[in-house]
Amino acid sequence: MSENKSNKDDIESTQNDVEVNSEEETSEVHDLESDEVVDTPEVELSTEERLQQELGAKDDKYLRLFAEFENYKRRTSKERMELFKTASQEVMQAMLPVLDDFDRALLQIKKSDDESLVEGIELINTKLRETLIHKGLEVMLVKAGDAFDSELHEAITQVPSPSEDMKGKIIDVVEKGYTLGDKIIRYPKVVTGK
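If you read the sequence shown in UniProt numbering, its first letter stands for residue 1, the second for the next number, and so on.
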């Protein structure tokens with residue numbers, strides 16, 4: 001009987017230990033669950049924040065690339081327009097001496113009595129000039145008495161001015177100037193008064 005009592009005590013003791021262990025495990029599990037519940041939102045928030053940052057970085061990169069591409073398109077469009085405006089600059093510059101020769105020839109031919117010759121040369125001159133004007137070539141309008149501007153005129157010489165009010169002004173235009181679009185392709189050569 002004493003053995004039975006001893007076995008009974010052992011069983012009760014084991015049951016108490018199991019209950020205590022069970023309670024401890026339950027409280028630990030409960031603590032772990034509450035920790036997991038607390039940790040889980042933090043992990044999700046940090047993942048969400050990280051994804052938001054990555055998304056922000058991608059958006060920023062996209063916007064920068066888009067802006068860079070827009071600038072590239074604008075720049076190439078502007079360069080293309082400039083190229084179209086001045087593509088024929090070399091040809092136009094090569095034609096300028098021909099125009100000068102036409103002007104000198106017309107002055108001499110007008111002294112002739114042959115009206116059909118004068119009319120034919122004037123027609124050719126007019127047609128050539130109109131074609132070049134249509135392509136963007138324009139004569140710079142400069143005349144004697146205009147103020148000299150070193151940005152717009154090329155002074156080839158200075159002569160004593162015939163009057164006081166002609167000092168620093170253009171006395172004579174030796175060679176016409178031309179523009180192609182907004183660009184000066186030949187500056188007018190002038191004589192200025194000193």
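Note that the Cβ used here is the ideal one computed from N, Cα and C, for glycine as well. Given the structure is predicted, the values throughout are model-derived calculations rather than measurements.
Between the options, which lies nearest to residue i when the distance is taken from Cα to Cα?
i	options	result
lysine 143	Lys135, His153, His134	His153
isoleucine 156	Ile170, Glu122, Pro162	Ile170
valine 173	Val190, Glu164, Thr179	Val190
residue 233	Lys176, Leu180, Lys194	The structure shown has nothing for residue 233, since the chain only spans 1 to 194.
serine 163	Val118, Tyr187, Gly145	Gly145
arginine 104	Ala87, Val91, Glu122, Ala147	Glu122
methionine 140	Val118, Lys183, Glu119	Lys183
If you count every other CB in all the chains shown that lies within 10 Å of the CB of residue i, and 16 or more means buried, which is it?
i	result
threonine 76	exposed
leucine 137	buried
serine 22	Confidence at serine 22 is low in this model, with a pLDDT of 49, below 50, so the placement of that residue should be treated as unreliable; the coordinate-derived value is given next. So serine 22 ends up on the exposed side.
phenylalanine 188	First, the amino acid is wrong: residue 188 is proline here, not phenylalanine. With 16 or more Cβ atoms within 10 Å of its Cβ, proline 188 is classed as buried.
threonine 131	exposed
tyrosine 72	exposed
leucine 180	buried
methionine 92	buried
Residue range of the alpha helix (DSSP H) that residue i falls in?
i	result
lysine 127	115-134
From the DSSP output, in three-state form, read off residue i for me.
i	result
alanine 94	helix
lysine 58	helix
tyrosine 72	helix
lysine 143	coil
lysine 194	coil
leucine 180	strand
glutamate 78	Reading the sequence as shown, one finds lysine at residue 78 and not glutamate. Note: lysine 78 maps to helix in three-state DSSP.
glutamate 151	coil
valine 18	Summary for valine 18: the model assigns pLDDT 47, below 50, so the residue's position carries little reliability; its value from the coordinates is reported in the next sentence. Looking at valine 18 - three-state DSSP - the assignment turns out to be helix.
valine 38	Legend: pLDDT at valine 38 = 48, less than 50; position of this residue unreliable, value from coordinates given subsequently. Correct three-state label for valine 38: helix.
Could you please give the first and the last residue of the uninterrupted beta strand (DSSP E) stretch that includes residue i?
i	result
glutamate 175	170-175
alanine 155	154-159
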